[in-house]
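Numbering (the working numbering), first residue to last: 3 to 175.
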């Protein structure tokens, strides 16, 4: 059980480091104008946010898996996949809890929107960093994500260091 709490804690600390909370708050503010945010019932817009989160998580998982397969360093074990599934399941659980908290304290969908948007941004950042490390900018219009790429230098270097530390050593020489 401690491992589960450590996974959630690590995820939340990473989100603090890459400022995902600001994106979540900005997303909530940008989305707060529509009426569904003030709805006490589940709407189609809630479903769209959850589906968007699912799509971003799947894209991040695919690119992360591709990096792991190319890496000689990262363990290629079932544990990694299970940890990823647990982490992603916990993300959806947190979103559900936030929806429940909104219902209980009468904040409609504000907390749900902040957390869900923050998770979307955080995992979109990870996906874009993975895609950059994979060299996808040669084949795909990565410029579409240029608003994220400006903030991702540290994330890209962290992924390079994690998956390909030998490349980082070669660049420093």
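The beta carbon of each residue, even a glycine, is placed where N, CA and C say it ideally should be.
C-alpha gap between residue 129 and residue 43, whole angstroms: Here residue 129 refers to the residue found at position 127 when the chain shown is read from its first residue. Here residue 43 refers to the residue found at position 41 when the chain shown is read from its first residue. Their Cα atoms are separated by approximately 31 Å.
Selection from 20, 11, 69 and 8 that minimises the alpha carbon distance to residue 122: Start at 1 with the first residue of the chain shown, and residue 122 comes out as number 120. Checking every option, the nearest Cα to that of residue 122 belongs to 20.
Residue of 159, 166, 60 and 161 minimising C-alpha distance to residue 93: As a working note, residue 93 is residue 91 in the chain shown. The residue with the shortest Cα to Cα distance from residue 93 is 60.
Whole-number beta carbon distance between residue 110 and residue 41, since they are thought to touch under 8 Å: Along the chain shown, read from residue 1 onward, the residue named residue 41 stands at position 39. Along the chain shown, read from residue 1 onward, the residue named residue 110 stands at position 108. With 8 Å as the limit, residue 41 and residue 110 qualify as a contact, their Cβ atoms being about 6 Å apart.
Sequence-distant residues of the same chain with beta carbon closer than 6 Å to residue 16, five excluded per side: Position 14 of the chain shown, counting from 1, holds the residue named residue 16. Cβ within range, chain order: n/a, list empty.
Cβ contact check for the stretch 67 to 74 and the stretch 99 to 114: 3 or more pairs under 8 Å: no
Residue 7 versus residue 85 - alpha carbon distance: Position 5 of the chain shown, counted from the start, is the residue given in the question as residue 7. Position 83 of the chain shown, counted from the start, is the residue given in the question as residue 85. Between residue 7 and residue 85, the C-alpha separation is close to 12 Å.
Residue 167, DSSP secondary structure in three states: To locate residue 167, count along the chain shown from 1; it is residue 165. Three-state result, residue 167: helix.
Proximity to residue 54 [Cα-Cα], best of 89, 22, 118 and 162: In the chain shown, the residue the question calls residue 54 occupies position 52. The residue among 89, 22, 118 and 162 with its C-alpha nearest the C-alpha of residue 54 is 118.
Simplified DSSP state of residue 141, which is helix, strand or coil: For the purposes of this step, residue 141 is taken as the residue at position 139 of the chain shown. Looking at residue 141 - three-state DSSP - the assignment turns out to be coil, as it is neither helix nor strand.
Where residue 108 sits in the DSSP three-state scheme: Within the chain shown, residue 108 is the residue found at index 106, counting from 1. Here residue 108 sits in coil by DSSP.
6 Å CB neighbourhood of residue 133 in its chain, flanking five on each side removed: Within the chain shown, numbered from 1, the residue matching residue 133 stands at position 131. Excluding residues within five positions, the ones whose Cβ falls inside 6 Å are 65.
Residue from 45, 25, 50 and 90 with nearest C-alpha to residue 12: Counting from 1 along the chain shown, the entry for residue 12 is found at position 10. Of 45, 25, 50 and 90, the residue nearest in Cα terms is 90.
Top-ranked residue by Cα proximity to residue 63, from 162, 163 and 131: Along the chain shown, one-based indexing puts residue 63 at 61. Nearest option by C-alpha distance: 131.
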